[in-house]
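Heads up, the thing below is written out as C-alpha coordinates.
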Amino acid sequence: MPLYHRLPEAMLSVKELVVCKLAGCPLKGNINWPSLRVLSLKKVEICDQSIIDNLIFTCPFIEKLALIECNGLRYLHLSGLRKLKKVKVKSQISPPLEKIEIDVVSLQTFSYSASYKEKTDIDLTSCKNLEVFKYKHGMITEDLIQGLNCNFPALKVLVLHGYRHHIQRIEISIPLLEKLNLSLPDLSAEEAIINAPRLRSFKCYMENIPPLFSLNQTSLQEVALKLSLDLIYFQQRESFREDFMEIIESFNQIKLVTLRFTYYSSSVINKIVSKVSNPVLLDIRHLKLKTYIDGTEKVNVALVDDLFCICRPESLLLVSGCGGNDAFMKILCKKLVRRVKHKNYSAAAHVKCWQRDLKGVKIEHFGRNGYKKVVTCHAFLDSFQILEPKQKIRFVFEW
(Lines of atoms letter the chains of each structure in order from A and count residues from 1; the text may use other names and numbers.)
(Lines give C-alpha, C1' and ligand atoms only; values in the text may rest on other atoms or scores of the structure.)
Protein backbone atom coordinates (compact mmCIF):
# COMPACT_ATOMS: atom_id res chain seq x y z
CA MET A 1 0.00 0.00 0.00
CA PRO A 2 1.35 3.47 -0.86
CA LEU A 3 2.09 5.86 2.00
CA TYR A 4 -0.11 8.96 1.86
CA HIS A 5 0.40 12.23 3.70
CA ARG A 6 -2.73 14.00 4.88
CA LEU A 7 -3.45 17.44 3.45
CA PRO A 8 -3.43 20.17 6.16
CA GLU A 9 -6.95 21.32 7.13
CA ALA A 10 -6.05 24.92 6.32
CA MET A 11 -5.53 23.93 2.68
CA LEU A 12 -9.08 22.65 2.23
CA SER A 13 -10.51 26.16 1.93
CA VAL A 14 -8.37 28.78 0.18
CA LYS A 15 -10.31 31.37 -1.77
CA GLU A 16 -7.30 32.84 -3.62
CA LEU A 17 -5.77 29.52 -4.76
CA VAL A 18 -5.34 29.56 -8.56
CA VAL A 19 -2.90 26.69 -9.25
CA CYS A 20 -2.78 23.52 -7.14
CA LYS A 21 -0.44 20.55 -7.60
CA LEU A 22 -0.81 17.68 -5.13
CA ALA A 23 1.09 14.38 -4.90
CA GLY A 24 1.04 11.46 -2.49
CA CYS A 25 -1.93 12.47 -0.34
CA PRO A 26 -5.56 11.39 0.14
CA LEU A 27 -8.20 13.78 -1.17
CA LYS A 28 -10.86 14.00 1.51
CA GLY A 29 -13.08 16.56 3.21
CA ASN A 30 -15.03 19.56 1.94
CA ILE A 31 -12.68 21.30 -0.49
CA ASN A 32 -13.40 24.92 -1.36
CA TRP A 33 -11.11 26.50 -3.96
CA PRO A 34 -13.43 28.89 -5.84
CA SER A 35 -10.61 30.65 -7.75
CA LEU A 36 -8.85 27.48 -8.91
CA ARG A 37 -7.84 27.39 -12.59
CA VAL A 38 -5.25 24.59 -12.75
CA LEU A 39 -5.40 21.32 -10.77
CA SER A 40 -2.82 18.52 -10.97
CA LEU A 41 -3.17 15.37 -8.86
CA LYS A 42 -0.39 12.77 -8.93
CA LYS A 43 -0.59 9.48 -7.01
CA VAL A 44 -3.43 10.94 -5.00
CA GLU A 45 -5.95 8.64 -3.32
CA ILE A 46 -9.44 9.32 -4.67
CA CYS A 47 -11.94 7.03 -2.98
CA ASP A 48 -14.87 7.50 -5.36
CA GLN A 49 -16.58 9.76 -7.90
CA SER A 50 -18.11 11.88 -5.11
CA ILE A 51 -14.69 13.46 -4.50
CA ILE A 52 -14.55 14.57 -8.14
CA ASP A 53 -18.16 15.80 -7.98
CA ASN A 54 -17.30 17.93 -4.96
CA LEU A 55 -14.31 19.42 -6.80
CA ILE A 56 -16.48 20.32 -9.77
CA PHE A 57 -19.08 21.96 -7.53
CA THR A 58 -16.61 24.02 -5.47
CA CYS A 59 -14.08 24.74 -8.28
CA PRO A 60 -16.29 25.66 -11.25
CA PHE A 61 -13.63 27.65 -13.13
CA ILE A 62 -11.02 24.91 -13.62
CA GLU A 63 -9.36 25.22 -17.04
CA LYS A 64 -6.72 22.47 -16.81
CA LEU A 65 -7.08 19.15 -14.98
CA ALA A 66 -4.46 16.38 -14.67
CA LEU A 67 -5.02 13.06 -12.89
CA ILE A 68 -1.79 11.05 -12.87
CA GLU A 69 -1.88 7.49 -11.46
CA CYS A 70 -4.51 8.36 -8.87
CA ASN A 71 -5.45 5.32 -6.82
CA GLY A 72 -9.01 4.14 -6.25
CA LEU A 73 -10.73 5.77 -9.20
CA ARG A 74 -12.45 3.31 -11.55
CA TYR A 75 -14.88 5.69 -13.22
CA LEU A 76 -14.29 9.34 -14.12
CA HIS A 77 -17.17 11.63 -15.03
CA LEU A 78 -16.70 15.35 -15.69
CA SER A 79 -19.53 17.77 -16.47
CA GLY A 80 -20.56 21.32 -15.66
CA LEU A 81 -17.05 22.80 -15.98
CA ARG A 82 -17.75 25.55 -18.49
CA LYS A 83 -14.13 26.79 -18.59
CA LEU A 84 -12.43 23.40 -18.88
CA LYS A 85 -10.04 23.30 -21.86
CA LYS A 86 -7.51 20.57 -21.13
CA VAL A 87 -7.71 17.15 -19.43
CA LYS A 88 -4.79 14.76 -18.94
CA VAL A 89 -5.31 11.32 -17.41
CA LYS A 90 -2.77 8.59 -16.73
CA SER A 91 -4.30 5.39 -15.39
CA GLN A 92 -2.94 3.61 -12.35
CA ILE A 93 -1.85 0.00 -12.76
CA SER A 94 -4.38 -1.50 -10.33
CA PRO A 95 -7.29 -1.18 -10.27
CA PRO A 96 -7.47 0.05 -13.86
CA LEU A 97 -9.66 2.93 -14.96
CA GLU A 98 -12.67 1.35 -16.64
CA LYS A 99 -14.50 4.36 -18.08
CA ILE A 100 -13.97 8.07 -18.76
CA GLU A 101 -16.96 10.25 -19.58
CA ILE A 102 -16.59 13.98 -20.20
CA ASP A 103 -19.56 16.20 -20.98
CA VAL A 104 -17.88 19.59 -21.47
CA VAL A 105 -18.38 21.57 -24.68
CA SER A 106 -15.36 23.83 -24.04
CA LEU A 107 -12.83 20.96 -23.90
CA GLN A 108 -10.05 21.39 -26.50
CA THR A 109 -7.35 18.89 -25.47
CA PHE A 110 -7.70 15.36 -24.10
CA SER A 111 -4.75 13.10 -23.30
CA TYR A 112 -4.99 9.58 -21.90
CA SER A 113 -2.22 7.10 -21.04
CA ALA A 114 -3.47 3.64 -20.15
CA SER A 115 -1.81 0.86 -18.24
CA TYR A 116 -0.18 -1.76 -20.45
CA LYS A 117 -2.72 -2.99 -23.05
CA GLU A 118 -5.60 -1.73 -20.94
CA LYS A 119 -9.00 -1.27 -22.55
CA THR A 120 -10.83 1.81 -21.26
CA ASP A 121 -14.22 3.02 -22.43
CA ILE A 122 -13.86 6.71 -23.38
CA ASP A 123 -16.95 8.83 -24.07
CA LEU A 124 -16.26 12.38 -25.27
CA THR A 125 -19.16 12.65 -27.70
CA SER A 126 -20.33 15.95 -26.16
CA CYS A 127 -16.93 17.60 -26.67
CA LYS A 128 -17.60 18.95 -30.16
CA ASN A 129 -14.82 21.55 -29.93
CA LEU A 130 -12.08 19.01 -29.22
CA GLU A 131 -8.93 19.86 -31.21
CA VAL A 132 -6.30 17.51 -29.71
CA PHE A 133 -6.81 13.81 -28.87
CA LYS A 134 -3.91 11.73 -27.51
CA TYR A 135 -4.30 8.06 -26.61
CA LYS A 136 -1.29 6.00 -25.50
CA HIS A 137 -0.52 2.44 -24.41
CA GLY A 138 -4.08 1.12 -24.56
CA MET A 139 -5.98 -1.11 -26.96
CA ILE A 140 -6.77 0.45 -30.35
CA THR A 141 -10.22 -0.75 -31.41
CA GLU A 142 -12.34 -0.13 -34.48
CA ASP A 143 -14.97 1.53 -32.26
CA LEU A 144 -12.37 3.99 -30.96
CA ILE A 145 -11.28 4.99 -34.46
CA GLN A 146 -14.84 5.19 -35.74
CA GLY A 147 -15.77 7.45 -32.83
CA LEU A 148 -12.91 9.79 -33.70
CA ASN A 149 -14.11 9.99 -37.31
CA CYS A 150 -17.72 10.78 -36.40
CA ASN A 151 -17.71 12.85 -33.22
CA PHE A 152 -14.97 15.49 -33.45
CA PRO A 153 -15.35 17.81 -36.46
CA ALA A 154 -12.79 20.30 -35.07
CA LEU A 155 -10.01 17.75 -34.42
CA LYS A 156 -6.58 18.97 -35.61
CA VAL A 157 -4.08 16.75 -33.76
CA LEU A 158 -4.45 12.98 -33.33
CA VAL A 159 -1.96 10.75 -31.50
CA LEU A 160 -2.63 7.00 -31.28
CA HIS A 161 0.06 4.89 -29.61
CA GLY A 162 -1.29 1.49 -28.72
CA TYR A 163 -1.88 -2.13 -29.50
CA ARG A 164 -4.19 -3.62 -32.06
CA HIS A 165 -7.36 -5.44 -31.11
CA HIS A 166 -7.94 -7.74 -34.10
CA ILE A 167 -8.36 -4.81 -36.49
CA GLN A 168 -8.67 -5.80 -40.15
CA ARG A 169 -9.12 -2.30 -41.52
CA ILE A 170 -8.06 1.14 -40.29
CA GLU A 171 -9.73 4.22 -41.74
CA ILE A 172 -9.07 7.70 -40.39
CA SER A 173 -11.26 10.30 -42.06
CA ILE A 174 -11.10 13.68 -40.30
CA PRO A 175 -11.49 16.78 -42.53
CA LEU A 176 -9.60 19.35 -40.38
CA LEU A 177 -6.82 17.04 -39.13
CA GLU A 178 -3.37 18.66 -39.44
CA LYS A 179 -1.08 16.34 -37.46
CA LEU A 180 -1.29 12.56 -37.21
CA ASN A 181 1.03 10.42 -35.09
CA LEU A 182 0.49 6.65 -35.20
CA SER A 183 2.44 4.00 -33.32
CA LEU A 184 1.00 0.54 -33.94
CA PRO A 185 3.85 -1.94 -33.43
CA ASP A 186 1.83 -5.13 -33.84
CA LEU A 187 -0.65 -3.98 -36.45
CA SER A 188 -2.04 -6.81 -38.58
CA ALA A 189 -4.59 -4.86 -40.61
CA GLU A 190 -4.88 -5.64 -44.29
CA GLU A 191 -5.91 -2.10 -45.22
CA ALA A 192 -5.08 1.39 -43.93
CA ILE A 193 -6.83 4.48 -45.32
CA ILE A 194 -6.01 8.00 -44.14
CA ASN A 195 -8.28 10.67 -45.58
CA ALA A 196 -7.28 14.05 -44.17
CA PRO A 197 -7.02 16.74 -46.87
CA ARG A 198 -5.46 19.31 -44.48
CA LEU A 199 -2.85 16.94 -43.06
CA ARG A 200 0.56 18.66 -42.79
CA SER A 201 2.52 16.25 -40.60
CA PHE A 202 2.35 12.44 -40.63
CA LYS A 203 4.47 10.31 -38.31
CA CYS A 204 4.08 6.57 -38.19
CA TYR A 205 5.76 3.58 -36.55
CA MET A 206 4.78 0.06 -37.55
CA GLU A 207 6.33 -3.36 -37.99
CA ASN A 208 4.01 -4.62 -40.70
CA ILE A 209 3.06 -2.59 -43.75
CA PRO A 210 -0.61 -3.12 -44.70
CA PRO A 211 -0.82 -4.46 -48.27
CA LEU A 212 -3.36 -1.72 -49.06
CA PHE A 213 -2.17 1.69 -47.87
CA SER A 214 -3.79 4.96 -48.96
CA LEU A 215 -3.02 8.49 -47.78
CA ASN A 216 -4.65 11.73 -48.88
CA GLN A 217 -1.66 14.08 -48.92
CA THR A 218 -2.91 17.27 -50.54
CA SER A 219 -1.28 19.51 -47.90
CA LEU A 220 1.36 17.12 -46.55
CA GLN A 221 4.65 18.80 -45.66
CA GLU A 222 6.41 16.42 -43.28
CA VAL A 223 6.57 12.64 -43.09
CA ALA A 224 8.46 10.48 -40.60
CA LEU A 225 8.35 6.70 -41.02
CA LYS A 226 9.84 4.31 -38.52
CA LEU A 227 9.86 0.74 -39.77
CA SER A 228 11.09 -2.07 -37.56
CA LEU A 229 12.25 -4.73 -39.99
CA ASP A 230 13.03 -8.30 -39.02
CA LEU A 231 13.98 -11.37 -41.00
CA ILE A 232 10.80 -13.32 -40.22
CA TYR A 233 8.63 -10.60 -41.75
CA PHE A 234 10.73 -10.58 -44.93
CA GLN A 235 10.42 -14.33 -45.23
CA GLN A 236 6.64 -14.14 -44.86
CA ARG A 237 6.15 -11.15 -47.15
CA GLU A 238 8.00 -11.52 -50.44
CA SER A 239 6.16 -8.42 -51.70
CA PHE A 240 7.69 -6.15 -49.04
CA ARG A 241 9.83 -4.26 -51.53
CA GLU A 242 6.81 -3.33 -53.64
CA ASP A 243 4.75 -2.36 -50.58
CA PHE A 244 7.58 -0.26 -49.15
CA MET A 245 8.35 1.50 -52.40
CA GLU A 246 4.70 2.23 -53.13
CA ILE A 247 4.24 3.93 -49.76
CA ILE A 248 7.45 5.97 -49.97
CA GLU A 249 6.90 7.08 -53.55
CA SER A 250 3.35 8.23 -52.74
CA PHE A 251 4.69 11.14 -50.69
CA ASN A 252 5.40 14.41 -52.49
CA GLN A 253 7.85 15.69 -49.88
CA ILE A 254 9.73 13.59 -47.35
CA LYS A 255 11.67 15.53 -44.73
CA LEU A 256 12.68 12.64 -42.51
CA VAL A 257 12.66 8.87 -42.78
CA THR A 258 13.73 6.75 -39.82
CA LEU A 259 14.62 3.12 -40.52
CA ARG A 260 15.04 0.84 -37.54
CA PHE A 261 16.78 -2.46 -38.26
CA THR A 262 16.22 -5.13 -35.61
CA TYR A 263 17.89 -7.79 -37.72
CA TYR A 264 19.99 -7.39 -40.80
CA SER A 265 21.43 -9.53 -43.53
CA SER A 266 22.47 -8.51 -47.00
CA SER A 267 19.77 -10.74 -48.48
CA VAL A 268 17.12 -8.78 -46.56
CA ILE A 269 18.02 -5.37 -47.97
CA ASN A 270 18.56 -6.85 -51.40
CA LYS A 271 14.86 -7.71 -51.38
CA ILE A 272 14.31 -3.95 -51.46
CA VAL A 273 17.00 -2.96 -53.96
CA SER A 274 17.21 -6.16 -56.00
CA LYS A 275 18.75 -5.60 -59.43
CA VAL A 276 17.73 -2.00 -59.86
CA SER A 277 19.64 -0.34 -62.66
CA ASN A 278 19.04 3.19 -61.32
CA PRO A 279 20.45 3.43 -57.78
CA VAL A 280 18.55 6.61 -56.87
CA LEU A 281 15.29 5.01 -55.80
CA LEU A 282 13.88 7.19 -53.05
CA ASP A 283 13.72 10.98 -52.94
CA ILE A 284 14.71 11.21 -49.27
CA ARG A 285 16.51 14.36 -48.20
CA HIS A 286 17.20 13.58 -44.55
CA LEU A 287 17.64 10.09 -43.13
CA LYS A 288 17.76 9.15 -39.45
CA LEU A 289 19.08 5.68 -38.76
CA LYS A 290 18.96 3.37 -35.76
CA THR A 291 20.63 -0.01 -36.05
CA TYR A 292 20.22 -2.90 -33.65
CA ILE A 293 22.64 -5.29 -35.29
CA ASP A 294 24.85 -7.79 -33.54
CA GLY A 295 26.91 -8.68 -36.56
CA THR A 296 30.35 -8.72 -38.08
CA GLU A 297 32.15 -5.92 -39.88
CA LYS A 298 31.11 -7.53 -43.15
CA VAL A 299 27.44 -7.12 -42.20
CA ASN A 300 27.85 -3.40 -41.52
CA VAL A 301 29.79 -2.90 -44.76
CA ALA A 302 26.92 -4.47 -46.68
CA LEU A 303 24.40 -2.30 -44.84
CA VAL A 304 26.27 0.87 -45.80
CA ASP A 305 26.34 -0.09 -49.48
CA ASP A 306 22.72 -1.18 -49.57
CA LEU A 307 21.40 1.92 -47.83
CA PHE A 308 23.08 4.25 -50.28
CA CYS A 309 21.71 2.15 -53.08
CA ILE A 310 18.21 2.93 -51.77
CA CYS A 311 18.66 6.71 -51.59
CA ARG A 312 21.01 9.67 -51.87
CA PRO A 313 20.22 11.66 -48.72
CA GLU A 314 21.50 15.16 -48.07
CA SER A 315 22.10 14.18 -44.46
CA LEU A 316 22.29 11.07 -42.30
CA LEU A 317 21.70 11.43 -38.55
CA LEU A 318 22.76 8.88 -35.93
CA VAL A 319 22.99 8.96 -32.13
CA SER A 320 26.13 7.51 -30.56
CA GLY A 321 25.79 4.69 -28.05
CA CYS A 322 22.42 3.68 -29.48
CA GLY A 323 22.17 0.02 -30.49
CA GLY A 324 24.68 -0.75 -33.22
CA ASN A 325 25.09 2.85 -34.38
CA ASP A 326 28.72 3.17 -33.25
CA ALA A 327 29.85 0.17 -35.30
CA PHE A 328 27.90 1.43 -38.30
CA MET A 329 29.42 4.95 -38.07
CA LYS A 330 32.92 3.56 -37.82
CA ILE A 331 32.47 1.41 -40.92
CA LEU A 332 30.86 4.30 -42.80
CA CYS A 333 33.78 6.62 -41.98
CA LYS A 334 36.32 4.04 -43.09
CA LYS A 335 34.53 3.60 -46.41
CA LEU A 336 34.32 7.37 -46.89
CA VAL A 337 38.04 7.76 -46.19
CA ARG A 338 38.99 4.93 -48.56
CA ARG A 339 36.50 5.72 -51.28
CA VAL A 340 37.84 5.96 -54.82
CA LYS A 341 36.00 7.58 -57.70
CA HIS A 342 35.67 5.01 -60.43
CA LYS A 343 34.92 6.06 -63.96
CA ASN A 344 33.13 2.95 -65.17
CA TYR A 345 30.48 0.96 -63.34
CA SER A 346 28.59 -1.97 -64.74
CA ALA A 347 24.94 -2.65 -63.93
CA ALA A 348 26.03 -5.44 -61.60
CA ALA A 349 28.02 -2.96 -59.53
CA HIS A 350 25.02 -0.85 -58.56
CA VAL A 351 25.65 -1.43 -54.86
CA LYS A 352 28.96 0.45 -54.94
CA CYS A 353 28.15 3.19 -57.43
CA TRP A 354 27.24 5.61 -54.65
CA GLN A 355 30.98 6.14 -54.15
CA ARG A 356 31.21 7.44 -57.72
CA ASP A 357 28.33 9.87 -57.22
CA LEU A 358 29.56 11.25 -53.89
CA LYS A 359 31.43 14.55 -54.33
CA GLY A 360 32.04 15.49 -50.72
CA VAL A 361 31.10 14.88 -47.10
CA LYS A 362 31.41 16.64 -43.76
CA ILE A 363 30.51 15.49 -40.26
CA GLU A 364 28.64 17.67 -37.77
CA HIS A 365 29.10 16.67 -34.12
CA PHE A 366 26.42 18.00 -31.76
CA GLY A 367 27.32 17.79 -28.07
CA ARG A 368 25.87 19.11 -24.85
CA ASN A 369 24.89 22.72 -24.13
CA GLY A 370 24.62 23.67 -27.80
CA TYR A 371 28.10 22.41 -28.70
CA LYS A 372 28.64 21.91 -32.43
CA LYS A 373 31.78 21.00 -34.32
CA VAL A 374 32.36 20.29 -38.00
CA VAL A 375 35.07 17.70 -38.69
CA THR A 376 36.45 15.60 -41.51
CA CYS A 377 36.13 11.83 -41.68
CA HIS A 378 39.79 11.43 -40.73
CA ALA A 379 39.38 13.64 -37.66
CA PHE A 380 36.19 11.87 -36.62
CA LEU A 381 37.88 8.47 -36.83
CA ASP A 382 40.82 9.74 -34.77
CA SER A 383 38.48 10.92 -31.99
CA PHE A 384 36.09 7.97 -32.20
CA GLN A 385 37.44 6.22 -29.09
CA ILE A 386 36.51 9.17 -26.86
CA LEU A 387 33.06 9.69 -28.36
CA GLU A 388 30.50 10.00 -25.56
CA PRO A 389 27.09 8.31 -25.75
CA LYS A 390 23.93 10.15 -26.79
CA GLN A 391 25.81 12.53 -29.09
CA LYS A 392 24.10 13.47 -32.34
CA ILE A 393 26.31 12.84 -35.36
CA ARG A 394 25.15 14.13 -38.73
CA PHE A 395 26.83 13.23 -42.01
CA VAL A 396 26.19 15.92 -44.64
CA PHE A 397 26.64 14.68 -48.20
CA GLU A 398 27.20 16.48 -51.49
CA TRP A 399 26.15 14.40 -54.48
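With the numbering used here as the guide, the letters of the sequence shown map in order to residues 4 to 402.
Virtual Cβ for every residue (Gly too), placed ideally from N, Cα, C.
Quick caveat: nothing in here was measured; it's all calculated off a predicted structure.
Under 8 Å between C-beta atoms of residue i and residue j
i	j	result
glutamine 84	proline 99	As written in the sequence, residue 84 is leucine, which differs from the glutamine given in the question. No, Cβ-Cβ distance for leucine 84 and proline 99 is not below 8 Å.
lysine 410	glutamate 66	Since the first and last residues shown for the chain are 4 and 402, residue 410 lies out of range.
valine 307	leucine 335	yes
serine 43	alanine 69	yes
serine 114	lysine 137	yes
isoleucine 143	leucine 163	yes
alanine 26	valine 41	no
threonine 332	isoleucine 389	Here residue 332 turns out to be methionine, not threonine, going by the sequence shown. No, these two residues do not count as a Cβ contact at 8 Å.
glycine 75	isoleucine 49	yes
isoleucine 173	alanine 199	no
leucine 202	leucine 223	yes
arginine 342	leucine 361	yes
proline 37	lysine 18	yes
proline 159	glutamate 181	Note that residue 159 is lysine in the sequence shown, not proline. Yes; because the gap between Cβ atoms is below 8 Å, this pair is in contact.
isoleucine 59	leucine 30	no
tryptophan 402	arginine 288	no
Range of the contiguous alpha helix (DSSP H) that encloses residue i
i	result
isoleucine 334	328-341
glutamate 145	145-154
arginine 359	357-360
Distance between beta carbons of residue j and residue i, contact taken as under 8 Å
i	j	result
isoleucine 177	asparagine 154	Incorrect: roughly 10 Å between the Cβ atoms, too far for contact.
glutamine 111	leucine 133	6 Å
valine 108	lysine 131	6 Å
isoleucine 197	leucine 183	7 Å
asparagine 35	leucine 10	The Cβ separation is near 13 Å, so there is no contact.
glycine 141	threonine 123	6 Å
glutamine 394	glycine 370	6 Å
glutamine 95	tyrosine 78	Glutamine 95 to tyrosine 78, Cβ: 13 Å. No contact.
alanine 192	isoleucine 170	5 Å
lysine 93	isoleucine 71	5 Å
tryptophan 357	phenylalanine 311	4 Å
lysine 293	glycine 326	6 Å
isoleucine 366	phenylalanine 400	10 Å between Cβ atoms; not a contact.
serine 116	lysine 86	That belief does not hold up - the Cβ atoms of serine 116 and lysine 86 are roughly 24 Å apart, past 8 Å.
Cutoff 8 Å: residue i Cβ touching any chain B Cβ
i	result
glutamate 194	Structure shown: chain B not included; a single protein chain is present.
Segment limits, beta strand (DSSP E) that includes residue i
i	result
leucine 320	318-322
phenylalanine 387	Taken as a continuous stretch (DSSP letters only), phenylalanine 387 belongs to no beta strand (DSSP E), as it is neither H nor E.
glycine 363	363-369
leucine 185	182-187
arginine 203	It is not in any beta strand (DSSP E) - arginine 203 carries neither H nor E in the DSSP assignment.
arginine 315	Unbroken run through arginine 315: none, as it is neither H nor E.
threonine 294	289-294
asparagine 198	194-198
serine 222	First-last for serine 222: undefined, no H or E at that position.
serine 129	Looking at the DSSP string, serine 129 is not in any beta strand (DSSP E), and its letter there is neither H nor E.
isoleucine 396	395-401
glutamate 174	172-176
lysine 159	No beta strand (DSSP E) contains lysine 159, which DSSP labels as neither H nor E.
lysine 375	375-378
Check: Using 8 Å as the Cβ pair cut-off and three pairs as the minimum, do the region 319-330 and the region 372-385 touch?
Finding: no
Next item on the list: Entirely within the region 38-113 and at least 4 residues each: give me those alpha helix (DSSP H) ranges in chain order.
Entry: 52-61
Notebook entry, point to check: At what residue ranges does the region 12-41 contain a whole run of the beta strand (DSSP E), taking only runs of 3 or more?
Noted result: 22-26
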